[in-house]
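Oh and the sequence shown: position 176 is 855 in this note's numbering, straight run, nothing missing.
To start, the structure under review is shown below, and the notes come after it.
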Amino acid sequence: MTNPTPPRLGPATLDRLPAAIRRPGYDRARLTPGILHLGVGAFHRCHQAEYTDDALEAAFGPWGILGVNLRAPDLSASLGAQGGYYCRELREGEQVERRLIGSMVETISVPGANDASHAATLERALAAASRASIGVVTLTVTEKGYCHIPATGELDLDHPDIRHDIANPSAPSSVPGFVLRMMARRLGAGTPLPALISCDNVPDNGSTLRRSVLGLARAIDPALGDRLAREACFLNTMVDRIVPATRPEDIDGFASQTGVLDMGLVVGEPFLMWVIENRFGGPMPAWEKAGALFVDDVAPYEILKMRVVNGIQSNLCQLGVLSGLEFMSDVMADGIFRAFARRTIEREVMPNLPAVHGIDVPAYLTETIKRLTNPALKHRTLQISTDGSQKIKQRLLEPLRAALRAGTPCDGLLIGIAGWMQYASGRDSSGRKLPVDEPFAQRTLAIGEASGGDAATLVGKMLEIDGIFGFDLSADAAIKARLSDAVARLMQRPARLVVRDFLASEAG
């Protein structure tokens, strides 16, 4: 006899949740949407949506979230079926803390272009974004969503979605196209423009969105581009919380322990930080009362987080994949990899970091290592490795350039970059085929096959991908030789042994 399926989380089943689960401390029935969020994935639900829940408790107002997805996942089957409600779990070691989030009040998922309802649903999303009641538009669309060239930060006019949007501006396919169409409609109706707040691990994320939107606008309507350049407000932010993809076993575990099925469940760590550029004169949710920092310059916070937290992740995730380690916590639990992470940041990254007001960087590094070692967070190394070409510029290549300018060591960074090259080539040292989820995969896999196991050939061809590496690194013969040496070692031996020998040589 099988166990009956537990009741689904929703407005009618909230009272079935255990009393220990914290509920929203405001009248959810009175909440109306004032924030439109593009890209409702696990991170948004475990970060900005929780900040918004706290802000609503501290200073209630019309700041519910209207979530819009222009791509998968389909929100109707998860949040839509639950009235926007979901729970988030914070895990550290054996400790679990659960909370019901109520800030998401409406969702729209735009189906694929071949779906019969695509045009009508896209129009519904654009109409929602154009409402005068929407005063803030936030985005979590990952690096790919900006349709930019990582090496330059400029809009990629050859991107298929951008080409589509230039030809069909009223039926956009891309995030920049959607934002542009929404802004054009608001200007045409005399509706004030909202604050645009990017919440991705992209350097100068608001400025990157601005370049993409204005670049597209000027390709379609230069006068509109000029007007938006004067009037639109794109804010930079730094966001930080580790939020792995929710697994089926997470949902099953929640259901067995609470008696309620939550298909919108998210899992994260206790650490939480949000730094927002203080450059918008209109009304905003009271995020500062929820702990967000409003500052004049986000860049120092962003550089610190990108090069320390994300830097360790990108330096080690491919080495973890090459080592057959499934989760980042498995990598960090290994004393050799953990020592490599600390040594690389202390000797190669920290000397070139800007000062950050109120943050003790050595203590921040120690806390970061503790966070990444948390065994309760099942953050897959393959998930972190996804779209690596879009990430390594700010996480590894910029720290490398800073080290080269300053004359400080950089061999640990080079091992991480070599790890990405070896992973992106599609094979590990034993010849095992690797799953490569990467915008440049067709090219990197072809390079891997054509190199025939020759490290210098592999490195030379990889460095020619100027959309990733730019022209300076490919022209640097010394760096090319050092990378070739690192890749050769990774081709011949397991990654853990390569790192072990590197640490031993440093100690000697």
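Where a beta carbon is used, it is the ideal one built from N, C-alpha and C, also for glycine.
Worksheet item: Can you give the beta carbon distance from residue 1067 to residue 993, rounded, assuming they're within the 8 Å contact cut?
Response: Going by Cβ atoms, the distance from residue 1067 to residue 993 rounds to 7 Å, so yes, they are a contact pair.
Worksheet item: So, using beta-carbon positions, are residue 784 and residue 759 closer together than 8 Å?
Response: The Cβ atoms of residue 784 and residue 759 lie no closer than 8 Å to each other.
Fill in: Rounded separation between residue 1121 and residue 699 - CA only
Using only the alpha carbons, I get a separation of about 50 Å.
Fill in: Own chain residues within Cβ distance below 6 Å of residue 811, not counting five before or after
870
Fill in: Through-space distance from residue 841 to residue 910, alpha-carbon basis
23 Å
Fill in: Whole-angstrom distance between residue 1038 and residue 1020, CA atom to CA atom
20 Å
Worksheet entry | residue 954 versus residue 975 - alpha carbon distance | Between residue 954 and residue 975, the C-alpha separation is close to 10 Å.
Discussion item. For the structure I just gave you, are there three or more beta carbon pairs, one from the region 945-964 and one from the region 916-932, closer than 8 Å?
Written reply: Remark: three or more beta-carbon pairs, one from each stretch, lie closer than 8 Å, so the region 945-964 and the region 916-932 are flagged as touching.
Worksheet entry | CA-to-CA distance, residue 801 to residue 1077, given in whole angstroms | 38 Å
Item to complete: Enumerate in chain order the residues of its own chain whose CB-to-CB distance from residue 883 is below 8 Å, with the five nearest sequence positions on each side excluded.
Response: 832, 915, 978 and 981
Worksheet entry | Spatial distance of residue 732 from residue 780 (CA atoms) | 7 Å
Item to complete: At 4 residues or longer, and completely inside the region 832-871: list those alpha helix (DSSP H) runs for me, N to C.
Response: 839-846 and 854-868
Item to complete: Determine the closest residue to residue 896 out of 860, 704, 702 and 867, with distance taken between C-alpha atoms.
Response: 860
Fill in: Neighbourhood of residue 1125 by C-beta distance below 7 Å, restricted to the same chain and skipping five residues each side
none
Discussion item. Given this structure, state the Cα-to-Cα distance separating residue 1051 from residue 1008, to the nearest angstrom.
Written reply: 6 Å
Fill in: Touching by the beta-carbon criterion (3+ pairs, under 8 Å), the region 818-826 and the region 849-858
yes
Worksheet item: Under a three-way DSSP split, which group does residue 1034 fall into?
Response: If DSSP states are grouped into helix, strand and coil, residue 1034 belongs with coil.
Item to complete: Please name the residue, chosen from 930, 946 and 947, that lies closest to residue 940 on a Cα-to-Cα basis.
Response: 930
Worksheet item: Mind checking residue 1081: buried by the 16 CB within 10 Å criterion, or exposed?
Response: buried
Worksheet item: Buried or exposed: where does residue 1057 fall if 16 or more other Cβ atoms within 10 Å of its Cβ makes it buried?
Response: So residue 1057 counts as buried.
Worksheet item: In chain order, what residues of the same chain lie with their CB nearer than 7 Å to the CB of residue 862, ignoring the 5 residues before and after it?
Response: Same-chain partners within the cutoff: 872, 907 and 911.
Item to complete: Output the distance between the C-alpha atoms of residue 1178 and residue 1029, rounded to the nearest integer angstrom.
Response: Residue 1178 and residue 1029 have their alpha carbons spaced roughly 20 Å apart.
Discussion item. So the candidates are 1070, 711 and 1114; which of them puts its Cα closest to the Cα of residue 1102?
Written reply: 1114
Discussion item. Restricting to Cα atoms, I'd like to know which of 1046, 1017 and 1117 is closest to residue 1064.
Written reply: Minimum Cα-Cα distance from residue 1064 among the listed residues 1046, 1017 and 1117 corresponds to 1117.
Worksheet item: How would you label residue 1150, buried or exposed, when you count the other beta carbons within 10 angstroms and need 16 or more for buried?
Response: Around the beta carbon of residue 1150, fewer than 16 other beta carbons lie within 10 angstroms, which makes this residue exposed.
Worksheet item: Taking the C-alpha atoms as reference points, what is the distance between residue 1097 and residue 1130?
Response: Cα atoms of residue 1097 and residue 1130: separation of roughly 15 Å, rounded to the nearest angstrom.
Worksheet item: Can residue 1088 and residue 1025 be called in contact, C-beta distance under 8 Å?
Response: no
Worksheet item: What residue does the alpha helix (DSSP H) around residue 725 start on, and which one ends it?
Response: 721-725
Worksheet item: Taking the alpha-carbon positions, what's the residue 1167 to residue 1022 distance?
Response: 22 Å
Discussion item. Could you tell me which whole alpha helix (DSSP H) segments of length 4 or greater appear in the region 865-946?
Written reply: Counting only runs that start and end inside the region 865-946, the alpha helix (DSSP H) elements of at least 4 residues fall at 884-899, 901-910 and 927-937.
Discussion item. Do residue 734 and residue 1072 have their beta-carbon atoms positioned less than 8 Å apart in this structure?
Written reply: no
Discussion item. According to DSSP, simplified to helix, strand and coil, what is residue 787?
Written reply: Strand at residue 787.
Worksheet entry | Beta bridge counterpart(s) of residue 766 as assigned by DSSP | 779
Worksheet entry | One or two residues paired with residue 952 in a DSSP bridge | Per DSSP, 919.
Discussion item. Please return the same chain residues whose Cβ sits closer than 8 Å to the Cβ of residue 680, not counting the five positions on each side in sequence.
Written reply: Reliability of the predicted coordinates at residue 680 is poor, the pLDDT of 45 falling under 50, and no value is obtained from them.
Worksheet item: According to the Cβ coordinates, are residue 674 and residue 743 closer than 8 Å?
Response: Lying outside 680 to 1187, the shown extent of the chain, residue 674 is not represented and no answer is given.
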